[in-house]
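Take a look at the structure set out below.
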Amino acid sequence: MEPTWVRVPARRLAWLRGELARWQAEGVIDATAAERIAGRYVPGRRLSLERVVLLLGGGFLGVGLIWVVAANLDQLSPLARFAGITVVWLAAAVLGEALAGPAVRSAARLVAVLAAGGVVFQAAQSLQVPAYGSGLLGVWAAGALAYAYATHAAGPLLAALVLGASWYGWWAGEQTDSAGGVAVCLVAAGTTAISLAVLHERLRTRAGAIAGPDGAGGTQEGSAGDGETQDGPVRAGGAVTGGPVPAGIVRDVGAPSPWSGRFAAVWRAAGFLLALGGLFVAAFPGVSQGEMYGAPALWAGLTAAAVAAGAALVLGGAGDRREAAAAQVFGGAGDRREPAAAQVLGGAGDGREAAAAQVLGGAQDRREMLARRVLGGAGHRYEVLAALVMVVAAVSLVAWAPGDAEPAMGGFTAAQTARAVAGTLLYILAASWFAVAAARRDETHLVLIATVALVVFVTAQSFAVFQPLLSGAALFLALGVIFIVTGALVEYGRRRLMEATR
Amino acid sequence: MSGSSSRVSRRTAIMVAAALLLQMALLVVVLRPQLSARLSGAEYRLAAGPVDPVDPFRGAYVMLTYPGLPSAEGQAAGRVYVPLVRDGALWKGAGVERRRPAAGPYLACRTGGYGDLRCGIDSLFLPEDKARRVGSELAADRAAAVVKIDDDGNAALIDVVPR
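Heads up: the protein sequence lines correspond to chains A and B, in order. Count the first sequence with my numbering and you get residues 875 to 1376, in order. Count the second sequence with my numbering and you get residues 94 to 256, in order.
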């Protein structure tokens, strides 16, 4: 296996080099092993300047292509326009795989995804197909999703999920004809996305868990600075042992998918946003279910959520049992087996590197890491179950429609107030849960999404609830106090959460 | 590059090609009604008028209304059918039915439950100079839409011509 390089932030690389020097001084590893370990990592930012420029260029080019279609250029016949945009699409797809630089590849893939939309809408325009239906957007989203999995690239997946969420929201709106119906559909879509994130993670960790608590034996993604690698020190440990792994140890385990970690992060972020978006709508006073139960879009969404959640719970449980078995082998065997295991895992040549990986955290740390993994498995189940509870809560909330949609002049009735309070509590609980779940994974951007969602919700709800009750200066004073208190509490909570999980 | 790398890249190439083909296949599926009407449908002329002559955001794009087609007032949301009968040189609708008529010609449409009727022949994309001419003919009530309709009632708008 050829050595691979992983881009890591400069601070993390400095930490690793410091640790390597310490292990070398303590005699844990020799200079050769330290050099080989350090040589596997290169400093770099996940989003470098050239990458930003290339992605912006790709984005402008893609949007321009769609604009060309929308402008309905009369100098070219519809067939010529369709042929032209198709050539651009196919060329971008070919360049997305053929080009050498990861940033240029990403830009070409972005153009390919956007040009695919141009192909869809140009075909529709050439056939005089009305653009008021959601079907065309659905085709674009499905194609982008297939392309993302074919290329193993997170960028197209992100685009596919944005398109897919827009399509599903539109489709649900067409069919349910009620804000409550759309809200439930969005929460169901969020549950599906969260369950798929868990499934992707199980796919990734199954092999890593069996091969060793530190992920030893797992293949490392991102050759020569892939630029999309998001791995932290734990997965970096997987790169340490590059030697052959005995078949007896990894038997019955499929190869870990190098892209599944990145894909899980994208699916989870989409799940958070969809679920919070749905609950946001459902929590508003006056939002009701309407005729949503006659809409196939709702049943399709609920079925997808149930199937994905069931799969995540079943496969997640199986993964947890395998991790427990791995714990028996790698954790329960005791420290005396560590040197031997390190030799076996690493092979003759890489034995010292394997030892370094084992010693990385020390025996105690290793057990803690294992415990966190097992607890993390349970966390997976709770994550899926919590999403299912949110679906039930959203269904219940939109079914509860006390009185008129608009509050009376004197303010809310008691039932309307109770409904508004229940919706608010539900949203706050959901956002807090998402923040905690993200913090447990040390995924700061998801914590940020959850906290921003909380602030936006409080802002909107404050206007919705207080505007009918207060007016003029009193309204602004009340809202000012609420925002300051909310901001302070959210900031305090976020800091404590991140500190607690470090 | 090693043999393993070339294998991976070949597999990736096949996967990407499959994804692109899938997108084209889905496109054909979603456009099937209009493709079917264009390929196998017979030609009919319906009286047409403008709704929104030129969309400022989409260039020469005309939304049409059909004075000869009935309203779907009173019909629940879903699929409906409009049998066509001859009216001089043109054709017009003879009511809205929930069941597919035994014989054609008829239009297979959808309604949102508000009296609207969507038969897939509402939008016309045109070059700008032609759009101006068509717009003035539509506004003067002198235009007819040429549509192709297949045996299943799928319709495709082909052109707008003077009556």
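Glycine included, C-beta positions come from ideal geometry on N, C-alpha and C.
Contact with chain A is absent for V254 of chain B, since none of that chain's Cβ atoms lies less than 8 angstroms from the residue's Cβ. A912 of chain A and L890 of chain A have their alpha carbons spaced roughly 8 angstroms apart. CA-to-CA, the gap between S164 of chain B and D215 of chain B works out to about 14 angstroms. Contact note: R131 of chain B reaches chain A through L1001, using a C-beta cutoff of 8 angstroms and chain order. Cβ contact annotation for V1013 of chain A (same chain, cutoff 7 angstroms, sequence separation greater than five): V994, in chain order. With respect to the 8 angstroms criterion, L1172 of chain A and V1265 of chain A are not classified as neighbours on the basis of their beta carbons.
Here the alpha carbons of Q996 of chain A and G1168 of chain A stand approximately 33 angstroms from one another. A distance of 8 angstroms or more separates the beta carbons of L1001 of chain A and G936 of chain A. In this structure, the CA atom of V1295 of chain A is about 24 angstroms from the CA atom of L1322 of chain A.
Here A237 of chain B is not near A130 of chain B, since their CB atoms are 8 angstroms or more apart. Just so you know, the alpha carbons of A170 of chain B and Y207 of chain B end up roughly 8 angstroms apart. With at least 16 other beta carbons inside 10 angstroms of its own, F1154 of chain A counts as buried. Among the residues facing chain B, L984 of chain A is not included, as its CB has no counterpart in that chain under 8 angstroms away.
Your pair P176 of chain B and P160 of chain B does not check out as a contact, with CB atoms roughly 17 angstroms apart and the cut at 8 angstroms.
The region 1025 to 1036 of chain A makes no contact with the region 1253 to 1273 of chain A; the number of CB pairs closer than 8 angstroms stays below 3. Secondary structure of T158 of chain B (DSSP, three-state): strand.
For G171 of chain B, the pairing in a beta bridge is given by DSSP as B:T204. Along the length of the region 1130 to 1166 of chain A, whole alpha helix (DSSP H) runs at least 4 residues long occupy 1134 to 1157, reported in chain order. By the CB criterion at 8 angstroms, G1145 of chain A and G1055 of chain A fall outside the cutoff. Sorting B:V254, B:L119 and B:R191 by C-alpha distance to the C-alpha of A232 of chain B places B:V254 at the top.
Contact with chain A is absent for L210 of chain B, since none of that chain's Cβ atoms lies less than 8 angstroms from the residue's Cβ. Taking every protein chain shown into account, the CB of T906 of chain A has fewer than 16 other CB atoms within 10 angstroms, so this residue is exposed.
Counting only residues of its own chain and dropping the five nearest sequence neighbours on each side, T1298 of chain A has a CB closer than 7 angstroms to the CB of A1157 and Q1335. Within the same chain, G213 and N247 come within 7 angstroms of P126 of chain B by CB-CB distance, once the 5 residues on both sides are set aside. Listed along chain B are V109, A110, A112 and L113, each with a C-beta nearer than 9 angstroms to that of A967 of chain A.
Per DSSP, R881 of chain A lies in no alpha helix (DSSP H) segment; the continuous beta strand (DSSP E) that holds it begins and ends at V880 to V882. With a threshold of 8 angstroms between beta carbons, L1035 of chain A makes no contact with chain B. Under the three-state reduction of DSSP, A1327 of chain A is assigned to helix. For R983 of chain A, the enclosing alpha helix (DSSP H) has its first and last residue at P976 to S1000. For L162 of chain B, the CB contacts under 8 angstroms within the same chain, skipping 5 residues up- and downstream, are L139, V175, K185, G186, L200, L210 and C212 in chain order. In the structure shown, R138 of chain B adopts extended strand secondary structure according to DSSP, grouped into three states. Pairing K223 of chain B with S951 of chain A, the inter-Cα distance amounts to about 13 angstroms. Going by C-alpha positions, R192 of chain B is about 18 angstroms away from I242 of chain B. The straight-line gap separating the alpha-carbon atoms of A957 of chain A and Y137 of chain B is approximately 29 angstroms.
For L1010 of chain A, the secondary structure class from DSSP, reduced to helix, strand or coil, is helix.
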